[in-house]
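Chemist:
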Amino acid sequence: MSTFTHQPASKLLERIAAKQLIAYLENFGLLQRLQSAYRTGHSSETAGHKVLSDILIRIDAGDLSALVLLDLSAAFDTVDHHILLQRLEHFYGLPGLVRQWFQSNLVGRRQFVRTGSSTSSLARILCGAPQGSVIGPILFLLYTADLLLLIEGHGLCPHLQRLSFRT
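Just so it is clear: in the sequence shown, position 18 is 142 by our numbering, and no numbers are missing.
1. Note down, one range per segment and in chain order, each alpha helix (DSSP H) of at least 4 residues found wholly within the region 135–207.
2. Going along the chain, which residues of its own chain have a beta-carbon closer than 7 angstroms to the beta-carbon of His205, five neighbours each way excluded?
3. Taking Cβ to Cβ, would you say Ala253 is nearer than 8 angstroms to Phe200?
4. Alpha carbon to alpha carbon, how far is His283 from Leu137?
5. For Tyr267, report the span of its alpha helix (DSSP H) as first-last.
6. Classify Gln255 as helix, strand or coil using the three-state DSSP reduction.
7. Checking 8 angstroms against the spacing of the C-beta atoms, do Arg234 and Arg248 come in under that value?
8. Which residues in the same chain as Cys281 place their Cβ atom closer than 7 angstroms to its Cβ, once the five residues preceding and following it in sequence are excluded?
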């Protein structure tokens, strides 16, 4: 006997869009080489092995090694919608209706705060990737993809992995 979990239509649509987006990015080689999240055959385990291997190779070569971990989760709130949409169109080749679909998911969103029975007034969200959405983390990765190039440009060995902790 199977069970059916009800999902809102928007989540289902996001899952379909995310799957198509990842397939497109993989097909055209648009994901960063050292990006593990959302890639077939690239898990947290393989990312950990790669990082450990890189450290051991450098130590064996007599070099100093340091592991620096950055938590960029708060940076989700700083994503500039205009810049992200430009990157989607010009760098990732997603113009026209596809770009418009992403724009409709980013621009014009509103939020409010609820405490008990009190709620604040609605406020426009001017920047940020939609947290709690299916597509938001993928958009954040595409927005920050140049970070890998910047780090590599300074002779360092970066690796990106999306980690989520659930309690």
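Note that CB positions come from ideal geometry on N, CA and C, so glycine has one too. Just so it is clear, the structure is predicted and the values come from calculations on it, not from any experiment.
Modeler: In terms of the structure at hand:
1. 168–184
2. As a first step, residue 205 must be located in the sequence shown, where it is residue number 81. For His205, where only same-chain residues beyond five positions count, the Cβ hits under 7 angstroms are Leu230, Val231 and Cys251.
3. The sequence position of residue 253 within the sequence shown is 129, counting from 1. The sequence position of residue 200 within the sequence shown is 76, counting from 1. Cβ distance < 8 angstroms, so Ala253 and Phe200 count as in contact.
4. As a position in the sequence shown, residue 283 is number 159, starting the count at 1. As a position in the sequence shown, residue 137 is number 13, starting the count at 1. Straight-line Cα distance between these residues: approximately 30 angstroms.
5. Within the sequence shown, numbered from 1, the residue matching residue 267 stands at position 143. Where Tyr267 is concerned, the enclosing alpha helix (DSSP H) stretches over Gly260 to Tyr267.
6. Numbered from its first residue, the sequence shown carries residue 255 at position 131. Three-state result, Gln255: coil.
7. Residue numbering aside, residue 234 sits at position 110 when the sequence shown is read from its first letter. Residue numbering aside, residue 248 sits at position 124 when the sequence shown is read from its first letter. Contact flag set, yes.
8. Here residue 281 is taken as the residue at index 157 of the sequence shown, counted from 1. Asp178, listed in sequence order.
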